[in-house]
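Chains as they are written, first to last, in our numbering: chain A, -4 to 281; chain B, 12 to 295.
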């Protein structure tokens, strides 16, 4: 359907207006101006924040800085989560632009001590784009293990894998989807993927996400919906009859109807990593 | 029908020894573990570990049935105090390497050793290493000598989780100093035996990477699970052919554990095959 292809484009080109400010505790040679940027929802922070890094390095001694990490209102931001997920999870329903604080890590030489202020109990290190690529490809392979027992991704050539990554890195929708469409196919008689790759995030407990096996179609042939998924995996997210809605179920910044078929969501609202990332957040009380 | 593989069950009579849910599988189907079988294997392993005092415990996740096996190991390690090594450098300077040497835990309970790259292997990472006069432990094989540096006690923590995506167990681990400083990937690599290190580095998806722990949300090193089914297949097939009981998690652990310095005592096999330990002539 023509409409469905539009959804793919809307998802790909979603943006979040963001304001980056240097942490006040950082020692600088002169005042640092905030930096404004439109962040792609479907990408990853270290892939799109080179300009931010360069901007703040101008006011610091560049040779001392080892790694930049970002936080929002005291919460370190996990670079390996898609940007849109981080926003929906931590800052949806807040006033735009999204205000992110920039922290720099200093080398050991300058500090003469063994540790720096990188929060290594919370964040993974990201020292180059190849780390992001490895993580991205690993997600794609895991998603295909769930959807097709890895058959589609394993049948692809290395250059196809590379094309997926380059498409994301260079923001090239057509280049990406030329290959990704193969990952979205399934045998007609099956009615859908083997299992749906999904992760449900919430901030109310330590557990980072819920990920389990879930089929898009029941053995009896019933099409499973978003509501069916939540009922099985996270029933607390669903409102009780007659009760006020306590939680919002957000995907790419919107609340899809709970009756939406899960297979359709997986094909159209997945991130480029082929996972459906679902955020459950408390309904704002205002 | 979805193939389910279960581990052995020591309870019951001779017939029940290992066939609760085991099914005969055509060769081309994959040997996937399901979550229930994983938990069952873990509980058995836990019982045996308690008998052997091997230190494994089961940690549950609040509010769910999920959990993981956990074990911590203290190791005495000497880490050179020079700057972190340059993995791509020429290694020509003697002060640009991190070396480590480990002695058995003082209590003598743990036999795990962190094995180091010996200086003679031509590894370009290592520079010239001076003999360390303080190195008085001559028993270690493959000990690399250290040019000074302070001894540190490190705590290694190993977790065994279940990957529903791959139908296999996954090994997560981390190492911290007693002050709570997390070891970097470079420092942890030094505790991987040199023979394994080369193989692991060549294949990115078999290698050790820093990942978010799926249940705790904290950074852990992980051995990627996507090849597990490949190396487990012959093990499971052989066990099936020989009608031997096998615990998937234990067999898997005995393969991957040593890659990252975690030994699995041979005594487990006597608990798994009690008949064999009586000197039976049957092949084990």
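Where is the CB? At the ideal position from N, CA and C, for every residue including glycine.
Contact with chain B by residue i, beta-carbon distance below 8 Å
| i | result |
| --- | --- |
| residue 73/A | yes |
| residue 115/A | yes |
| residue 202/A | yes |
| residue 140/A | yes |
| residue 40/A | no |
| residue 27/A | no |
| residue 62/A | no |
| residue 137/A | yes |
| residue 129/A | yes |
Segment limits, beta strand (DSSP E) that includes residue i
| i | result |
| --- | --- |
| residue 232/B | 230 to 234 |
| residue 68/B | 68 to 71 |
| residue 65/A | 60 to 67 |
| residue 253/B | Run containing residue 253/B: none; DSSP gives neither H nor E here. |
Residue span of the alpha helix (DSSP H) that contains residue i, given as start and end
| i | result |
| --- | --- |
| residue 135/A | 124 to 143 |
| residue 197/B | 196 to 200 |
| residue 57/B | 46 to 63 |
| residue 170/A | 168 to 178 |
| residue 41/A | 40 to 43 |
| residue 75/A | Run containing residue 75/A: none; DSSP gives neither H nor E here. |
| residue 281/B | 278 to 283 |
| residue 149/A | 146 to 150 |
| residue 177/B | Counting along the chain, residue 177/B falls outside any alpha helix (DSSP H), and DSSP gives it neither H nor E. |
| residue 260/B | 259 to 267 |
| residue 219/A | No alpha helix (DSSP H) contains residue 219/A, which DSSP labels as neither H nor E. |
Of the residues the options, the one placed nearest residue i, counting alpha carbons only
| i | options | result |
| --- | --- | --- |
| residue 263/A | 96/A, 247/A, 277/A, 275/A | 247/A |
| residue 69/A | 96/A, 29/A, 215/A | 96/A |
| residue 247/B | 235/B, 260/B, 237/B | 260/B |
| residue 280/B | 240/B, 63/B, 182/B | 63/B |
| residue 134/A | 2/A, 14/A, 265/A, 203/A | 265/A |
| residue 234/B | 262/B, 171/B, 253/B | 171/B |
| residue 255/A | 224/A, 5/A, 132/A, 131/A | 224/A |
| residue 140/A | -2/A, 66/A, 2/A, 270/A | 270/A |
| residue 60/A | 22/A, 85/A, 33/A | 22/A |
| residue 182/B | 245/B, 238/B, 47/B, 201/B | 238/B |
| residue 36/A | 278/A, 272/A, 277/A | 272/A |
| residue 54/A | 33/A, 119/A, 99/A | 99/A |
| residue 194/A | 209/A, 185/A, 132/A | 209/A |
| residue 72/A | 264/B, 265/B, 223/B | 223/B |
| residue 48/B | 265/B, 275/B, 257/B | 257/B |
| residue 130/A | 220/B, 274/B, 285/B | 220/B |
| residue 165/A | 8/A, 83/A, 15/A, 3/A | 8/A |
| residue 192/B | 50/A, 216/A, 115/A | 115/A |
Minimum Cβ-Cβ distance from residue i to chain A less than 8 Å
| i | result |
| --- | --- |
| residue 183/B | no |
| residue 74/B | yes |
| residue 274/B | no |
| residue 97/B | Confidence at residue 97/B is low in this model, with a pLDDT of 31, below 50, so its placement is unreliable and no value can be given for it. |
| residue 189/B | no |
| residue 53/B | no |
| residue 227/B | yes |
| residue 50/B | no |
| residue 201/B | no |
| residue 262/B | no |
| residue 220/B | yes |
| residue 193/B | yes |
| residue 25/B | Residue placement at residue 25/B cannot be trusted, given a pLDDT of 36 that sits under 50; the coordinates are not used to answer. |
| residue 111/B | Confidence at residue 111/B is low in this model, with a pLDDT of 31, below 50, so its placement is unreliable and no value can be given for it. |
For residue i: DSSP bridge partner residues
| i | result |
| --- | --- |
| residue 54/A | Answer by DSSP bridge pairing: none, since residue 54/A is not bridged. |
| residue 272/A | 194/A |
| residue 14/A | 31/A, 94/A |
| residue 186/B | 167/B |
| residue 86/B | 165/B |
| residue 243/A | 276/A |
| residue 204/A | 196/A |
| residue 220/B | 233/B |
| residue 193/B | 187/B |
| residue 173/B | 180/B |
| residue 80/B | 69/B, 171/B |
Cross-chain neighbours of residue i in chain A, by beta carbon under 9 Å
| i | result |
| --- | --- |
| residue 230/B | 115, 116, 117, 118, 119, 120 |
| residue 179/B | Simply none; closest approach about 10 Å. |
Amino acids of chain B, ordered along the chain, whose beta-carbon sits closer than 7 Å to that of residue i
| i | result |
| --- | --- |
| residue 208/A | 175 |
Within chain A, the residues that residue i reaches when beta carbons sit closer than 8 Å
| i | result |
| --- | --- |
| residue 223/B | 73, 75, 119, 203 |
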